[in-house]
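*Asks:* Residue numbers (our numbering), protein chains in the order written: chain A, 1 to 213; chain B, 214 to 426. Built from N, CA and C at the ideal position, the CB exists for glycine as well.
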DNA sequence: ACTTGTCAAGCAAGCAATTGCTTGGTAAAT
DNA sequence: ATTTACCAAGCAATTGCTTGCTTGACAAGT
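1. Less than 7 Å between CB atoms is the rule here; does residue 165/A satisfy it with respect to chain B?
2. Would you kindly check if the distance between the Cβ of residue 390/B and the Cβ of residue 181/A is under 7 Å?
3. Taking all protein chains shown into account, decide if residue 378/B is buried (16 or more other Cβ within 10 angstroms of its Cβ) or exposed.
4. Alpha carbon to alpha carbon, how far is residue 207/A from residue 381/B? Give it in angstroms, no decimals.
5. In the DSSP assignment, find the unbroken alpha helix (DSSP H) run with residue 371/B in it and report its ends.
6. In the region 271-343 of chain B, which residue ranges form an unbroken alpha helix (DSSP H) of at least 4 residues, counting only runs that do not cross its ends?
7. Would you tell me roughly how many angstroms separate the C-alpha atoms of residue 58/A and residue 183/A, rounded to the nearest one?
8. Does DSSP put residue 171/A in a helix, a strand or coil?
9. Helix, strand or coil for residue 396/B per DSSP?
10. Within its chain, find whatever has a CB closer than 7 Å to the CB of residue 205/A; leave out the 5 residues flanking it on each side and keep chain order.
11. For residue 21/A, would you say it is in contact with chain B, using Cβ-to-Cβ distances shorter than 7 Å as the test?
12. Is residue 412/B helix, strand or coil when you go by DSSP?
13. Can you find a CB in chain B that lies within less than 7 Å of the CB of residue 198/A?
14. Taking residue 254/B as part of the alpha helix (DSSP H), name the residues at either end of that continuous run.
15. Please confirm whether residue 180/A has its beta-carbon closer than 7 Å to some beta-carbon of chain B.
16. Nearest-angstrom Cα distance between residue 156/B and residue 410/B?
17. Would you please verify whether the beta carbon of residue 216/A is less than 7 Å from any beta carbon of chain B?
18. For the region 119-137 of chain A, enumerate the residues whose C-beta is nearer than 9 Å to any C-beta of chain B, in chain order.
19. Given residue 255/B, which residues of its chain have a CB within under 6 Å of its CB, disregarding the five upstream and five downstream residues?
20. How about residue 146/A and residue 116/A: do their beta carbons lie closer than 7 Å?
21. Check each candidate in 413/B, 412/B, 247/B, 386/B and name the one with the smallest Cα separation from residue 281/B.
22. Among the candidates 140/A, 157/A, 191/A, 125/A, whose CA atom is the shortest distance from the CA of residue 86/A?
23. Measure the alpha-carbon distance for residue 289/B versus residue 77/A and round it to whole angstroms.
24. Given this structure, state the Cα-to-Cα distance separating residue 93/A from residue 73/A, to the nearest angstrom.
25. Can the beta-carbon of residue 201/A be found closer than 7 Å to that of residue 114/A?
26. If you run the structure through DSSP and keep just helix, strand and coil, what is residue 134/A?
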């Protein structure tokens, strides 16, 4: 319920908006503080390795207080997770809406995905990728539907790539492999290192695409 | 300590051995039962989501008994993790030892990696990939060294691929991306589905390699 | 101006269950 | 008679969560 309040916000003037995470109505308030702290902690120590007291400490509360905002620890995980996938989906759709040619569109999609995964939104995306299996079946089904929607949209991009001769294989397995290479980057990316998300995205595109000149 | 007893076994007649996991001296005994059960449970519910009682139940023991074989729950995780990476490293080195041409060697490496990750050894490899960050720094350093060794060997394969003109980019980032696509497959692979690990490996090779005819 | 009522947001305290782990014993095998 | 492999029982700490209460902000009534 509460987690879905993010959907009914208006996308901010889609056309010339910056490519970074449109924020969900969850900025200035303490509820937002909690899910941000929880996101960070869940990524660092895992869901089950993080206690309510850890989260409360991180936002300067006592251990009972988060339950004023969330009815259970599980609901915090669910909120963090859906926040992650919703922002990613919105980002993707904003890129698609630009109507670029297949090749540019693909690189833009990959770069946007990586920017969110490796940038400031990092924690939410990570939790959704690596901790969502700990949700109970009903919640997981919701998250799974949203991921499926993401892949569907991404799949259309690959189809166009194949039609334009840039990609030989746009099958489901190929799609999973490409998305896997992207998602796994969260495991090894080093923000102090040489490559930024943009550069990594370019390298991935070069790796799987057949340039035509 | 105890975890390292696996290293001093002799590799079984390396040449014509089957391409599947050489087993570690841990088959018939209860200690092996524990790490196998722990591996399965850690993958299903995560390390912190699995209790000693879960593990004990799974092998028909009471909750105190695993501590006869391991001095702590942490040591069980460490053992499972090192088991995972050690077998993968041994597998990889056996493939290299065949001395195949670059292209065949690469596909063989990928297929072997996937066979272990998606096949019967699944749990160990998964735990090492997804739960090893929960080890404490000293243990994690050991696992990290072993992973680095794996990547090193894999890197040599990529270099040969590049030299033979099958691969444009053999940089560290490209290596991470390729290994990421492989490792992520554990997340979506469906053993009842259409593709087997071998087929997926072939598709990955086709995706990143430039065939010469 | 002053009381009164309401409500959001949190605290203090603690409860029942679960956790990793210990201890002392014991039956069988060697 | 020693060792191996385990059990029965339980302990101290931690866990998610609940309860009753306080506080500050704001509004309405008089």
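*Replies:* Reading it off the structure:
1. no
2. yes
3. exposed
4. 8 Å
5. 350-376
6. 279-282, 286-310, 315-331, 335-343
7. 27 Å
8. coil
9. helix
10. 106, 107, 110
11. A caution first: residue 21/A carries a pLDDT of 43, below 50, which makes its placement in the model unreliable, though a value can still be read off. No, residue 21/A does not count as interfacial toward chain B.
12. helix
13. no
14. 243-258
15. yes
16. Residue 156/B lies beyond the stretch modelled for chain B, which goes from 214 to 426, so this question has no answer here.
17. Given a span of 1 to 213 for chain A in the structure shown, any question on residue 216/A remains unanswerable.
18. 129, 130, 131, 133, 134
19. 263, 340, 344
20. no
21. 247/B
22. 125/A
23. 27 Å
24. 31 Å
25. yes
26. helix
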